[in-house]
DNA sequence: TCTGCGCGTTGAAAGGTTTCAATAGCAGAC
DNA sequence: GTCTGCTATTGAAACCTTTCAACGCGCAGA
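And the structure:
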């Protein structure tokens, strides 16, 4: 117990605690805590002195103890749907940036569309007592989310809506997005349009497709075909496009459910010697960076991903600060980005 | 204190603790803890009973308290260099999968090549007392890493080597990778090769370039040109390729420092009407999914990213279990993947 | 019947922070 | 010189889990 021996050389045997700092500075632990958390309550002289001791001893606050006391972890948990789709990593990046401003850690998990993995992460987050949770749900998790909220964890749903108005959410106006894409294709003179993507059951798909259909219906002689796929990756796009090419009545434009699908479509067309955009125009959705970097730069309907992340965190932090805060559904506007692939 | 009233309906006012479980089950907290952590020490009858109570009350272990007691967080921290490059997210994914098997949370931060952000994350991880740290260093962090290790945090360096043999690392044999790419181009008859990428100072670039140079030197009439870029993204590739096209003596093959650069190169060539691979062959590095999905599928030198993540975690967990474990540099083998872009 | 043994269980201590009621110190008012 | 009111500081309690020495009990062996 060499309390007074705390000298310059950090004897790093055991971690330095507030108690050590207090002893070395000749003040009480309460004061040290105040220096850390409410510096304005401490006299300037004491403040300065304690801060110096903290620096000298290399004290680093133990967050576990702080959490224990506070009853909640400062960290935010996030369950991402698919880390391999830059759309989601871009959202995560927005989240992370905003969170860093608040010095809150982000505990990240990716469900990879697997309900079981999703559930495992929810278990983990519950043990961690995270103060907030961001999730793009896969399985039937509403009951779990309710339970989490009852236990004091704020929840915000990302890129989905629960429909039940129970949880705040951040999403993009898919109807508008579908409309923008279809209008653009129609305005550039395309009439035989195919929509590639799926599965059909996904709300987003339904909205985008339905809006596109309405636009197409409003133009004489224009038709829309739906090519359903099980997943929404490049492979799906490739196969969907190959099917279209093999069949009769080749379309003159393809609206892909997202950019990954669009990239697959572009590949299939290129390899088949179909000229883009002369023979077939392609437009994607999301506007991930790879859309702009494609061999034929892809037109796309831009989703403001970083902003989605930011908005989600802002909603979440608001809910954490005031658990009675109102449930809000934030709907962001998509934006048409025209590039080479639609001429 | 309605201890005995703990019934099916979770009165979720305050979180259920071991103490509550103990009271409801009529045993001591020590026994509850044993049920949780050393079930074999508990008599079958008690075990069964306590487990039922745990289920009934919806008890979830408070990890903060556990951490406080243990002195260390079960979580692993990871600082990723650039989340926008799928190469790194793929590694992170491998890490995450392996970690999930051990029920350890992953706290993720991305430095985006910024030394300051990197430093902020190290602060955060220190406060969290993470038990292990995975990092692809940007700034001068060796002193920090040393300090972390002194304080009991295991450290593994990913996709870099420190040179100092102080920290374990996982990386890929870049010399071999550079050799594979160059050999492949030379064997397919290419003689005027350009290497696009940079910055020059990066060890990886040096190794890949140097190995390629050696291969080229071994073949009569073959030449290698180096086009240095500041970053390693699609934009850099695009500009590098444009420069090459504008200059005299157009190459017949381009070896891109990574796949992002290669995609940019492909775009520039396509837009300039240069045929790939007929006029110019392209090979990238990493073999991210987008290489296979490019309009002209890209040949690449595959880095086993998931395996890198797994190996890194295995090293890390070994170091956590036994702090005296030997420092190891794991070097994985790259693999040539031939696709359309090199004919 | 007594001793010794082993198993299962207990209860208290420890871990580091924050909070808050209580205290000390001090200046100004009377 | 005493009292009031204020600010700065104190010290102990609380948060929840894990660990471990100690305890009680039943049973086998003497």
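Protein chains in written order, with this note's numbering: chain H, 1 to 343; chain W, 1 to 343.
Glycine residues also receive a C-beta, built at the ideal position from the N, C-alpha and C atoms.
Rounded to a whole number of angstroms, what is the C-alpha to C-alpha distance between residue i and residue j?
i                      : j                      : result
residue 266 of chain W : residue 90 of chain H  : 24 angstroms
residue 324 of chain W : residue 128 of chain W : 22 angstroms
residue 159 of chain W : residue 307 of chain W : 12 angstroms
residue 181 of chain W : residue 201 of chain W : 20 angstroms
residue 1 of chain H   : residue 19 of chain H  : Here residue 1 of chain H scores only 26 on pLDDT, less than 50, and its place in the model is too uncertain to base an answer on.
residue 328 of chain W : residue 310 of chain W : 15 angstroms
residue 15 of chain H  : residue 53 of chain H  : 15 angstroms
residue 167 of chain H : residue 63 of chain W  : 26 angstroms
residue 338 of chain H : residue 210 of chain H : 22 angstroms
residue 24 of chain W  : residue 149 of chain H : 24 angstroms
residue 231 of chain W : residue 256 of chain W : 12 angstroms
residue 291 of chain H : residue 51 of chain W  : 52 angstroms
residue 272 of chain H : residue 228 of chain H : 21 angstroms
residue 44 of chain H  : residue 35 of chain H  : 10 angstroms
residue 32 of chain W  : residue 22 of chain W  : 6 angstroms
residue 67 of chain W  : residue 27 of chain H  : 27 angstroms
residue 245 of chain H : residue 299 of chain H : 21 angstroms
residue 342 of chain H : residue 194 of chain H : 14 angstroms
residue 184 of chain W : residue 191 of chain W : 11 angstroms
residue 80 of chain H  : residue 110 of chain W : 16 angstroms
residue 139 of chain H : residue 235 of chain H : 24 angstroms
residue 289 of chain H : residue 319 of chain H : 32 angstroms
residue 6 of chain H   : residue 322 of chain W : In this prediction, residue 6 of chain H has a pLDDT of 32, which is less than 50 and means its spatial position is unreliable; nothing more can be read from the coordinates.
residue 304 of chain H : residue 332 of chain H : 8 angstroms
residue 100 of chain W : residue 57 of chain W  : 26 angstroms
residue 302 of chain W : residue 94 of chain H  : 29 angstroms
residue 40 of chain H  : residue 61 of chain H  : 19 angstroms
Exposed or buried, residue i, counting other C-beta atoms within 10 Å across all chains shown (16 or more means buried)?
i                      : result
residue 117 of chain H : buried
residue 55 of chain W  : exposed
residue 249 of chain W : exposed
residue 37 of chain W  : exposed
residue 8 of chain H   : For residue 8 of chain H, the predicted model reports a pLDDT of 33, less than 50, meaning its position is unreliable and no value from the coordinates is stated.
residue 221 of chain H : exposed
residue 334 of chain H : buried
residue 294 of chain H : buried
residue 48 of chain W  : exposed
residue 74 of chain H  : buried
residue 11 of chain W  : In this predicted model, residue 11 of chain W has a pLDDT of only 39, less than 50, meaning its place in the structure is not dependable enough to derive any value.
residue 284 of chain W : buried
residue 238 of chain W : buried
residue 113 of chain W : exposed
residue 77 of chain W  : buried
residue 247 of chain W : exposed
residue 326 of chain W : exposed
residue 174 of chain W : buried
residue 340 of chain H : buried
residue 126 of chain W : buried
Between residue i and residue j, which are expected to be in contact by the criterion C-beta below 8 angstroms, what is the C-beta distance as a whole number of angstroms?
i                      : j                      : result
residue 312 of chain W : residue 134 of chain W : 5 angstroms
residue 263 of chain W : residue 216 of chain W : The pair is not a contact, with the Cβ atoms about 24 angstroms apart (cut-off 8 angstroms).
residue 260 of chain W : residue 287 of chain W : At roughly 12 angstroms, the Cβ-Cβ gap does not stay under 8 angstroms, so residue 260 of chain W and residue 287 of chain W are not in contact.
residue 108 of chain H : residue 106 of chain W : 6 angstroms
residue 251 of chain W : residue 225 of chain W : 7 angstroms
residue 154 of chain W : residue 169 of chain W : In fact, because the Cβ distance is near 13 angstroms, the residues do not count as touching under 8 angstroms.
residue 178 of chain W : residue 212 of chain W : 4 angstroms
residue 254 of chain W : residue 296 of chain W : At roughly 13 angstroms, the Cβ-Cβ gap does not stay under 8 angstroms, so residue 254 of chain W and residue 296 of chain W are not in contact.
residue 156 of chain W : residue 137 of chain W : Between residue 137 of chain W and residue 156 of chain W the Cβ distance is about 11 angstroms, and since that is not below 8 angstroms, they are no contact.
How would you write the range of the alpha helix (DSSP H) that residue i sits in, first residue to last?
i                      : result
residue 109 of chain W : Careful: residue 109 of chain W lies outside any alpha helix (DSSP H), inside the beta strand (DSSP E) at 106 to 110.
residue 169 of chain W : No alpha helix (DSSP H) contains residue 169 of chain W, which is instead part of the beta strand (DSSP E) from 168 to 172.
residue 16 of chain W  : From DSSP, residue 16 of chain W is part of no alpha helix (DSSP H); its letter is neither H nor E.
residue 35 of chain H  : 29 to 37
residue 150 of chain W : 142 to 150
In the DSSP assignment, the beta strand (DSSP E) including residue i goes from what residue to what residue?
i                      : result
residue 298 of chain H : That residue, residue 298 of chain H, is in no beta strand (DSSP E); it is neither H nor E in DSSP.
residue 286 of chain W : 281 to 286
residue 159 of chain H : Segment: none, residue 159 of chain H is in no beta strand (DSSP E) and carries neither H nor E.
With a threshold of 7 angstroms (Cβ to nearest heavy atom), would residue i be considered close to the ligand FMN?
i                      : result
residue 295 of chain H : This structure lacks the ligand FMN, and indeed carries no ligand of any kind.
Worksheet item: What runs of the alpha helix (DSSP H), each 4 residues or longer, lie entirely inside the segment 193 to 276 of chain W?
Response: 203 to 217, 234 to 246 and 259 to 271
Item to complete: Identify every run of the alpha helix (DSSP H) within the segment 48 to 135 of chain W, keeping only runs that are complete inside it and at least 4 residues long; order them along the chain.
Response: 63 to 70, 86 to 101 and 115 to 128
Worksheet item: Can you give, in chain order, each stretch of the beta strand (DSSP E) that sits fully within the segment 298 to 340 of chain W and has at least 3 residues?
Response: 299 to 302, 329 to 332 and 335 to 337
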